[in-house]
Amino acid sequence: MIKRIFHFVSASCIIFLSCAPVVQAEDEDKLEFSGFARVIMGYLDDNNAEYIYYDNSVSFDQQSLIGFQADYQLNDDFSVTGQVVGHTGSQRDSGLEWLYLTFKPNNAFQVKLGKQRIPFFNYSDSLDVGFAYPWLTLPQQFYDTSFFSTFEGVLANYEFARNDWVINYEGYWGYYDDEFRSGSRTVDTKITGLFGINTTLAYKQFSLRASYNQGNVALGLPEASQFGELIGQLGFSNNANWLNPDGPIEFYQFSANYENLDYFVRSEVVDIVGKSGLTPDVNSFYVSLGYNFYPYTAYISYSKRDVKFKHIPNEIPYAVSPQLDQIAATYDFILSQFRDENVNGSKIGIRWDWRSNVALKAELTLVRANGQVSNDSALRDLGNFDGRAVLYQLGIDWVF
Amino acid sequence: MKKYLTLLFLCIISFAKLEAAEAIIVVANTSDKSIQLSRQQVRNLFMGGVIPYNLDAIALPPENQTRVLFNTKVVGLTEARIQSYWAQMRFTGRKRAPKEVDNESSVLEYLENNIDAIGYLPGDISIPDNLTVVYTIR
């Protein structure tokens, strides 16, 4: 039922936006088109690894993209917005990213209904708009975790001011039903009961943001599910439960930022807690310092990601029977596919705001893995990777 | 002695002129002439935030010198940062940047014709009686 309502709203939004050009002649102010684009070149100085899908050759087609947005003002309180994004990278699907109806009765309050980006972190809903952030690539050890990019549902936002404080509350609720790509894997994912709240406190040049998000995740991993059922029937219930890919997931995020004419400091930290065995606990953070000498901004950043699976010991005994040996070995093999990982990234870069809507960027990222690489995140070991690689990137970001 | 006094007078005049030229005033078309805003309220208003009054901000284009002064003295951010902030707000459907008008005289004209409109102007500009200066920074 809820899905049907959201589909109905989405369909209505499409009809409004497609009819809008006809109405344009009557009132040009009601319809606005805008967009953003980025062309990014990258080169990884390592033959044995891939990082954000860049390898040891010059590539333009991993992060380059173009997006178009149409906003149509229905009346003083209601508007419709649609945004399509075309990605060059094969890891992201091109198409409709946003399509929603906004009710904004005043400056302080607004409600959006439809397909939207999930506002997990500071830049989760503007990942593709490179012009919106100083870095060329967002700190991957942090933003690699914002995998569920869109949801269908409702999002409400309320803002008020007290003395020199501006306080913003935001809450959303909806569902997610799509594939997500985690490194080399593509997994059908359904999340029900997806909701989150976040608050932003701004005081003069400081801002703080805290958010809590949760959902019940059902991962499409049929082999793991079937094998879990089999060993459950054999009585190895703890191992069977560990292989159950369904369970709640929680995100706790905190961010602190300061900026003035000369400097900025931006930082975020997140703790992701997965209740099922196949969903890891993830701790990650980044901190970035920048110096403005307009029209240039120079920055450094350090980010770290620590992924831990709650592996439990194999209850299935070896050397009892050949069949059990096979089952025990299969369990150990599955366990070995869900590996812990500890990766950090250090960046140095510069942004040149060449025009008020065009920025040129150059960035160097040193990525280091402590120990094994899981191949489930931005960093992939192609064989004999020594745990250290440098990514060189040049890019242009613009908005129109 | 007279020469020195004249020189001193000229210096004072030129400094006073310089200060007036660098001052920024924020002007509103409002029926409540008693409104006075703080710097933080002005900053919030022009960055799409809320303040206790129902006022609609208008801005000058990015390369305008009055806008540069306003960014420096009131907002406290570079033009580049302000532009990136508005890109994030626009493409996430949160807030819209203030409407931009071409120059200072267009700001005055717009303010005179639109009730509850508010804009920033250089400190040495003469303001019609029906508009109210709600904030001044030197």
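The listed protein sequences correspond, in order, to chains A and B. Numbered by the working numbering, the letters in the first sequence go through residues 1 to 400 in order. Numbered by the working numbering, the letters in the second sequence go through residues 1001 to 1138 in order. Glycine included, each C-beta is placed from N, C-alpha and C at the ideal position.
According to the Cβ coordinates, are residue i and residue j closer than 9 Å?
{"i": "Arg1039 of chain B", "j": "Tyr1135 of chain B", "result": "yes"}
{"i": "Val390 of chain A", "j": "Leu366 of chain A", "result": "yes"}
{"i": "Phe264 of chain A", "j": "Asn213 of chain A", "result": "no"}
{"i": "Ala1059 of chain B", "j": "Val1101 of chain B", "result": "yes"}
{"i": "Leu138 of chain A", "j": "Ile40 of chain A", "result": "no"}
{"i": "Asn260 of chain A", "j": "Ser267 of chain A", "result": "no"}
{"i": "Asn292 of chain A", "j": "Asp246 of chain A", "result": "no"}
{"i": "Pro134 of chain A", "j": "Gly349 of chain A", "result": "yes"}
{"i": "Glu152 of chain A", "j": "Gly114 of chain A", "result": "yes"}
{"i": "Pro1098 of chain B", "j": "Gly1049 of chain B", "result": "no"}
{"i": "Leu364 of chain A", "j": "Glu50 of chain A", "result": "no"}
{"i": "Arg1096 of chain B", "j": "Val1074 of chain B", "result": "no"}
{"i": "Thr192 of chain A", "j": "Ala156 of chain A", "result": "no"}
May I ask you to report which of helix, strand or coil DSSP gives residue i?
{"i": "Lys347 of chain A", "result": "strand"}
{"i": "Val1075 of chain B", "result": "helix"}
{"i": "Asp353 of chain A", "result": "strand"}
{"i": "Gln24 of chain A", "result": "Because Gln24 of chain A carries a pLDDT of 48, less than 50, the predicted location of this residue cannot be relied on, and the following value inherits that uncertainty. Looking at Gln24 of chain A - three-state DSSP - the assignment turns out to be helix."}
{"i": "Tyr143 of chain A", "result": "helix"}
{"i": "Trp1086 of chain B", "result": "helix"}
{"i": "Ile1137 of chain B", "result": "strand"}
{"i": "Pro222 of chain A", "result": "helix"}
{"i": "Leu230 of chain A", "result": "helix"}
{"i": "Trp165 of chain A", "result": "strand"}
{"i": "Val1068 of chain B", "result": "helix"}
{"i": "Trp135 of chain A", "result": "coil"}
{"i": "Arg401 of chain A", "result": "Since the displayed chain A opens at 1 and closes at 400, residue 401 of chain A lies outside it and no answer follows."}
{"i": "Asn238 of chain A", "result": "helix"}
{"i": "Phe1091 of chain B", "result": "helix"}
{"i": "Gly174 of chain A", "result": "strand"}
{"i": "Asp407 of chain A", "result": "The shown model of chain A, from 1 to 400, leaves out residue 407 of chain A, and the question about it has no answer."}
{"i": "Asp306 of chain A", "result": "strand"}
{"i": "Trp398 of chain A", "result": "strand"}
{"i": "Glu315 of chain A", "result": "coil"}
{"i": "Ala210 of chain A", "result": "strand"}
{"i": "Arg1096 of chain B", "result": "coil"}
{"i": "Ser1014 of chain B", "result": "Bear in mind that a pLDDT of 47 at Ser1014 of chain B, under 50, signals an unreliable position, so the model cannot answer this."}
{"i": "Ser417 of chain A", "result": "Only positions 1 to 400 of chain A appear in this structure, which leaves residue 417 of chain A out of reach."}
For the beta strand (DSSP E) holding residue i, just list the boundary residues, first then last.
{"i": "Arg415 of chain A", "result": "The requested residue 415 of chain A is not part of the displayed model; chain A covers only 1 to 400."}
{"i": "Phe68 of chain A", "result": "Leu65 to Gln73"}
{"i": "Tyr1110 of chain B", "result": "That residue, Tyr1110 of chain B, is in no beta strand (DSSP E); its alpha helix (DSSP H) goes Glu1104 to Asn1113."}
{"i": "Leu366 of chain A", "result": "Val358 to Ala369"}
{"i": "Thr88 of chain A", "result": "Thr88 of chain A -> no beta strand (DSSP E), and no H or E assigned at all."}
{"i": "Gly406 of chain A", "result": "This structure leaves residue 406 of chain A out entirely; chain A is present only between 1 and 400."}
{"i": "Gly1119 of chain B", "result": "Ala1117 to Pro1122"}
{"i": "Arg266 of chain A", "result": "Tyr263 to Gly274"}
{"i": "Ser255 of chain A", "result": "Asp246 to Glu259"}
{"i": "Tyr100 of chain A", "result": "Gly95 to Phe103"}
{"i": "Ala1057 of chain B", "result": "Asp1056 to Ala1059"}
{"i": "Glu1063 of chain B", "result": "Here Glu1063 of chain B belongs to no beta strand (DSSP E), and DSSP marks it neither H nor E."}
Identify the contact partners of residue i in chain A, using a Cβ-Cβ distance below 9 Å as the criterion.
{"i": "Thr1136 of chain B", "result": "Near Thr1136 of chain B there are no residues of chain A at all, since even the closest Cβ is about 18 Å away, more than 9 Å."}
Closer than 8 Å by beta-carbon distance: list the chain A residues that pair up with residue i, in chain order.
{"i": "Val1050 of chain B", "result": "Asn107, Ala108, Glu159, Phe160, Ala161 and Val166"}
{"i": "Ser1084 of chain B", "result": "Phe131, Ala132, Tyr133, Pro134 and Ala359"}
Using the beta-carbon of each residue, which ones in chain A are nearer than 7 Å to residue i?
{"i": "Thr1078 of chain B", "result": "Leu261, Asn292 and Tyr294"}
{"i": "Thr1072 of chain B", "result": "Leu261"}
{"i": "Asn1044 of chain B", "result": "Ala161 and Val166"}
{"i": "Pro1062 of chain B", "result": "Ser356"}
On a Cα-Cα basis, can you pick out the residue from the options that is closest to residue i?
{"i": "Pro248 of chain A", "options": "A:Phe131, A:Ile272, A:Asp125 and A:Tyr100", "result": "A:Ile272"}
{"i": "Asn216 of chain A", "options": "A:Glu229, A:Phe36 and A:Tyr176", "result": "A:Tyr176"}
{"i": "Asp178 of chain A", "options": "A:Asn244, A:Val187, A:Ala37 and A:Ile66", "result": "A:Val187"}
{"i": "Gln140 of chain A", "options": "A:Pro105, A:Asn283 and A:Arg305", "result": "A:Arg305"}
{"i": "Tyr172 of chain A", "options": "A:Pro119, A:Asp144, A:Gly220 and A:Pro222", "result": "A:Pro119"}
{"i": "Ala240 of chain A", "options": "A:Ser79, A:Arg351 and A:Tyr331", "result": "A:Tyr331"}
{"i": "Trp98 of chain A", "options": "A:Asn107, A:Lys104, A:Asp71 and A:Pro105", "result": "A:Asp71"}
{"i": "Pro1061 of chain B", "options": "B:Asn1103, B:Ile1137 and B:Tyr1110", "result": "B:Asn1103"}
{"i": "Val84 of chain A", "options": "A:Asp93, A:Asp77 and A:Gly67", "result": "A:Gly67"}
{"i": "Asp128 of chain A", "options": "A:Phe36, A:Asp144, A:Glu229 and A:Ser301", "result": "A:Phe36"}
{"i": "Val282 of chain A", "options": "A:Tyr53, A:Thr199 and A:Glu341", "result": "A:Glu341"}
{"i": "Ile1118 of chain B", "options": "B:Thr1078, B:Gln1065, B:Ile1137 and B:Val1133", "result": "B:Val1133"}
Please list the partners that residue i has in chain C, where partner means a Cβ-to-Cβ separation under 7 Å.
{"i": "Lys204 of chain A", "result": "In summary, chain C is missing from the structure at hand, where the protein chains are A and B."}
List, in order along the chain, the chain B residues whose C-beta lies closer than 7 Å to that of residue i?
{"i": "Val399 of chain A", "result": "Ala1087"}
{"i": "Lys112 of chain A", "result": "Gly1093"}
Could you tell me the boundaries of the alpha helix (DSSP H) in which residue i lies?
{"i": "Ile334 of chain A", "result": "Pro322 to Gln337"}
{"i": "Arg1043 of chain B", "result": "Arg1039 to Phe1046"}
Would you mind telling me which residues of chain B sit closer than 9 Å to residue i, beta carbon to beta carbon, in chain order?
{"i": "Asp76 of chain A", "result": "Result: empty, since nearest Cβ-Cβ is about 12 Å, beyond 9 Å."}
{"i": "Gln393 of chain A", "result": "Ordered by position in chain B, no residue passes the 9 Å Cβ test against Gln393 of chain A, which lies about 18 Å from the chain."}
{"i": "Phe121 of chain A", "result": "What Phe121 of chain A touches in chain B: nothing, since even the nearest Cβ is about 12 Å away."}
{"i": "Ser301 of chain A", "result": "Within 9 Å Cβ-Cβ: nothing; Ser301 of chain A doesn't reach chain B, min ~16 Å."}
If the cut is a Cβ gap below 8 Å, which residues of chain B does residue i touch?
{"i": "Gln69 of chain A", "result": "Arg1090 and Phe1091"}
{"i": "Tyr100 of chain A", "result": "Gly1093"}
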